[in-house]
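Report on the following structure.
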Amino acid sequence: MFSSIRYSALRSVAAPVVALFVVMLGLPAMAAADNVVKVGAAVSLTGKLAKEGQLVRHGYDFYVDYVNSRGGFDVAGTRHKFELKYYDDESDAKTSAKLVEKLISTDGIKLIMSSYSSGIALASSAITEKYRAVMLGTAANADSLFERDYKYFFGVLKPASYNLQETLAMPAMLEPKAKTAAFIVENALWPLSAAEAGVEWAKKYGMQVVMFEKYAKGTQDFSTLLTQIKSKNVDVVVHLGYVNDAILLMKQAKELRVNPKNIAFGVGPTLPDFTQALGNDANFATVSTFWTPTMKYTGDIIPSAAEYATLFEKKFGYVPDFHAAVSSAALLVLQKAVQAAGTTDSEKVRAALQTINLKTFYGDIKFDEKGRNTAGKMGVIQIQNQKRVVVWPAEIGEAKPVYPTPAWEKR
Amino acid sequence: MEIIAATAINGILLGGLYACVGMGFALTWGILNVVNLAHGVMVILGAYVTFALYKGLGVDPLLTIPVSMAVLFAFGYGLQRGVINLIVRAPVFMTLILTFGLEMLIINALLFGASADFRAAPPSYAAAVIRLGPFIVPVLRLTIFAVALLLTTLLFLFMYRTRRGNAILATGQDKEAAELVGVDIARTYAMSFGIASAFAGAAGSLIASLYAFSPVLGGPYTLKAFLVTVVGGLGSMAGPIVGGLVLGLAETGGSLAFGETWVEVVSYGLLVLILIVRPEGILGKKYFAEVRN
Numbered sequence: 000m001f002s003s004i005r006y007s008a009l010r011s012v013a014a015p016v017v018a019l020f021v022v023m024l025g026l027p028a029m030a031a032a033d034n035v036v037k038v039g040a041a042v043s044l045t046g047k048l049a050k051e052g053q054l055v056r057h058g059y060d061f062y063v064d065y066v067n068s069r070g071g072f073d074v075a076g077t078r079h080k081f082e083l084k085y086y087d088d089e090s091d092a093k094t095s096a097k098l099v100e101k102l103i104s105t106d107g108i109k110l111i112m113s114s115y116s117s118g119i120a121l122a123s124s125a126i127t128e129k130y131r132a133v134m135l136g137t138a139a140n141a142d143s144l145f146e147r148d149y150k151y152f153f154g155v156l157k158p159a160s161y162n163l164q165e166t167l168a169m170p171a172m173l174e175p176k177a178k179t180a181a182f183i184v185e186n187a188l189w190p191l192s193a194a195e196a197g198v199e200w201a202k203k204y205g206m207q208v209v210m211f212e213k214y215a216k217g218t219q220d221f222s223t224l225l226t227q228i229k230s231k232n233v234d235v236v237v238h239l240g241y242v243n244d245a246i247l248l249m250k251q252a253k254e255l256r257v258n259p260k261n262i263a264f265g266v267g268p269t270l271p272d273f274t275q276a277l278g279n280d281a282n283f284a285t286v287s288t289f290w291t292p293t294m295k296y297t298g299d300i301i302p303s304a305a306e307y308a309t310l311f312e313k314k315f316g317y318v319p320d321f322h323a324a325v326s327s328a329a330l331l332v333l334q335k336a337v338q339a340a341g342t343t344d345s346e347k348v349r350a351a352l353q354t355i356n357l358k359t360f361y362g363d364i365k366f367d368e369k370g371r372n373t374a375g376k377m378g379v380i381q382i383q384n385q386k387r388v389v390v391w392p393a394e395i396g397e398a399k400p401v402y403p404t405p406a407w408e409k410r
Numbered sequence: 000m001e002i003i004a005a006t007a008i009n010g011i012l013l014g015g016l017y018a019c020v021g022m023g024f025a026l027t028w029g030i031l032n033v034v035n036l037a038h039g040v041m042v043i044l045g046a047y048v049t050f051a052l053y054k055g056l057g058v059d060p061l062l063t064i065p066v067s068m069a070v071l072f073a074f075g076y077g078l079q080r081g082v083i084n085l086i087v088r089a090p091v092f093m094t095l096i097l098t099f100g101l102e103m104l105i106i107n108a109l110l111f112g113a114s115a116d117f118r119a120a121p122p123s124y125a126a127a128v129i130r131l132g133p134f135i136v137p138v139l140r141l142t143i144f145a146v147a148l149l150l151t152t153l154l155f156l157f158m159y160r161t162r163r164g165n166a167i168l169a170t171g172q173d174k175e176a177a178e179l180v181g182v183d184i185a186r187t188y189a190m191s192f193g194i195a196s197a198f199a200g201a202a203g204s205l206i207a208s209l210y211a212f213s214p215v216l217g218g219p220y221t222l223k224a225f226l227v228t229v230v231g232g233l234g235s236m237a238g239p240i241v242g243g244l245v246l247g248l249a250e251t252g253g254s255l256a257f258g259e260t261w262v263e264v265v266s267y268g269l270l271v272l273i274l275i276v277r278p279e280g281i282l283g284k285k286y287f288a289e290v291r292n
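Sequence order for the protein chains is F and U. For the first sequence, numbering that gives the first Met the number 0 assigns the number 0 to the initial residue and increments by one for each residue that follows. For the second sequence, numbering that gives the first Met the number 0 assigns the number 0 to the initial residue and increments by one for each residue that follows.
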């Protein structure tokens, strides 16, 4: 029960005080909104994919730190810094989708970085597409991600179907040119899809595919396949499967003295287990790779692959592999797109991403109409003296490839 | 024609390895009436013993066979007396559950202790070959085949020519009768399981010399042992050898005839065929080791 005097006095003071209060609260927010580019990321920090999620997160953190500590970047004339908001999707696709929805509707962020796995990205990108928010796929590259006619999803890592692009180009282009290829493929999703695409690459390079055999996981014996390969004098043997099968293949190739011009792997020799189990018998095998610090890439903002690796190692204490590199590169691409668009509005950023054409420490980046990065090239690593060296393409390689592979009897 | 002969040679050599893997399993099933699902992982244990000696002391993997056999014998003996003995008289379902649990326990203990890294213990002559005309025969595989024959012969001599061996056979045929004539059943069971484990250990040493292995490969080896035993039959020492040979030839022949994708269909098709046509196995004796209860 206020007396009428007190009440009116209160009213006359209250209004300006409240107004001042609101302005004071609003001011920093407005100032912050002017200078920060907010990006959201649902990353697997716990769960089955925690290890890979950690690598991806380090990639994001590195880039945000790198750019912010150098004063940020210009967007439409004003200096901006990155602000990355993380949520842990617990390695689960449904959780990721929910969190991405939260980032968009509650936190108002429409620039989203994807999680590690293709399966998770498949779910969360459906959300971003619904809200017309931009999502950059970093370490998610299953071809099915790009077959949905999405306009807001862009993948920086080369799609799985490109795995053998360069690995098969090498024997096809070096003298003596390889003319026949045999595929030995594990009967599982990723190996089969990479192999089927590989067959297309082989044909494109003028090779005839004389064998395409699928084997069950855990097979004990490739002797029949290798005997047939030997009798047909196949030039390139391509294997797609798990590392212990890759080891078995090399061992039996030596046992049976099978000497193709090149034994190529989609994956496997990059793991230390391969050279540990085979010793010098691992030599001359080739394998596809997305990125290594030794590749001679140069670009804007981060000058080179080697420099990236050095700075990354200084910050995190280990040499980065492609997981971290592609994540940092994705943020770099996003920055360039925001700068080109002059705003963080997702429609304009998307338009900018569609026309972007960059040379970076991660390689070339340019997106096709399906959102795939078709510009960059895969690399090829060859094992020489039990060490892994990048040998192809020549522009980015650190050593010359040994081709054709010397016969077992002569090693 | 040449490729058929080469395939046959490869099949026989592969069969020798399969026979080694299956021997211990057949022994356990035949004498103790226990289907040991942990057999494959004991093979892997033998492989690790060999790897440790190979890595640590540089010993040739084939020479470590006596050591891996001794280690696994002790392991199996203790395991049987302590754990498996509890379910020897129980329904068959219990043996499956117990040995399955053991398998998981050992695999995870290995993963924890030795990690999932793939290991191998290739001898220096791993890729030496003998050329017989146009055919290439890897020396290591030939040696492994010889080891399989040697082990089978030793087992045969032990079982049929020694008292202990006879006791084991007797126990397998009729436990109560054996008890009546004074056979120490508990000790006999432990000894049989120990011997079976020793054979698993030997197979493990061979695996280590040929392939890269890791704890998670235990399961597939148990499956192979199972196939070898059912095809070869129980009740005869030569059963695993014949079973192994038939399986090896079926796999390489199947790959040649139908393509690699169909190899597993051929292997398991063979299993079904044997069960229909001759359920006791090729060399099996009728009623010998029917799983009781």
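C-beta: ideal position from N, C-alpha, C; glycine also.
- DSSP places residue 353/F within a helical segment (H, G or I) once states are collapsed to three.
- Residue 67/U places its beta carbon 7 Å or farther from that of residue 208/U.
- Taking a beta-carbon distance threshold of 7 Å, residue 246/F counts as an interface residue toward chain U.
- Among the residues facing chain F, residue 129/U is not included, as its CB has no counterpart in that chain under 7 Å away.
- Within the segment 7-36 of chain U, those residues whose Cβ lies closer than 7 Å to any Cβ of chain F are, in chain order, 9, 13.
- In its chain, beyond the 5 residues on either side, 232, 233, 234 have a beta carbon closer than 6 Å to the beta carbon of residue 283/U.
- The shortest CA-to-CA distance from residue 61/U to any of 26/U, 116/U, 102/U, 144/U is the one to 144/U.
- Here residue 293/F is near residue 397/F, since their CB atoms are less than 7 Å apart.
- Residue 201/F sits away from residue 209/F, with the two beta carbons spaced by 7 Å or more.
- Under the Cβ criterion of 7 Å, residue 254/U is counted among the residues facing chain F.
- Runs of the beta strand (DSSP E) lying entirely within the segment 314-359 of chain F, each at least 3 residues long, are 357-359 in chain order.
- For residue 114/F, the three-state secondary structure derived from DSSP is coil.
- Not flagged as an interface residue toward chain F: residue 63/U, since no C-beta distance is shorter than 7 Å.
- Per DSSP, residue 56/F is one residue of the alpha helix (DSSP H) stretching across 49-68.
- A direct Cα-Cα distance of roughly 15 Å separates residue 377/F from residue 154/F.
- Take residue 215/F, set aside five residues on each side of it, and the residues of its chain with a beta-carbon closer than 7 Å to its own are 186, in chain order.
- Using a Cβ distance threshold of 7 Å, residue 55/F and residue 115/F count as a contacting pair.
- In the DSSP assignment, residue 287/F falls within the unbroken beta strand (DSSP E) covering 285-288.
- Along the segment 357-389 of chain F, the beta strand (DSSP E) occurs as fully enclosed runs of 3 or more residues at 357-359, 362-364, 378-383, listed in sequence order.
- In chain order, 292, 293 place their CB closer than 8 Å to the CB of residue 305/F, counting only its own chain and leaving out the 5 sequence neighbours on each side.
- When the beta-carbon positions are compared, residue 49/U and residue 115/U stay at least 7 Å from each other.
- Counting C-beta pairs closer than 8 Å gives fewer than three between the segment 265-282 of chain F and the segment 140-157 of chain U, which falls short of the contact rule.
- Using a CB distance below 7 Å, the part of the segment 263-288 of chain U facing chain F consists of 263, ordered along the chain.
- Within chain F, the C-beta atoms nearer than 9 Å to that of residue 213/U come from 243, 272, in chain order.
- The C-beta of residue 360/F has 16 or more other C-beta atoms within 10 Å across all chains shown, which makes the residue buried.
- DSSP places residue 404/F outside both helix and strand once states are collapsed to three, so it counts as coil.
- The C-alpha of residue 123/U lies about 15 Å from the C-alpha of residue 206/U.
- Under the 7 Å criterion on CB atoms, residue 410/F is classed as non-interfacial with respect to chain U.
- Between residue 116/U and chain F, the shortest Cβ-Cβ separation is below 7 Å.
- Residue pairing by DSSP places residue 257/U opposite no residue, since no beta bridge is assigned to it.
- Think of a sphere of 9 Å around the beta carbon of residue 43/F: no beta carbon from chain U falls inside it, the nearest being about 20 Å out.
- Contact between the segment 145-161 of chain F and the segment 238-251 of chain F is absent, with fewer than three C-beta pairs closer than 8 Å.
- For residue 223/F, the nearest beta carbon of chain U is closer than 7 Å to its own beta carbon.
- Under DSSP, residue 78/F shares a beta bridge with 73/F.
- DSSP places residue 212/F within a strand segment (E or B) once states are collapsed to three.
- For residue 60/U, the three-state secondary structure derived from DSSP is helix.
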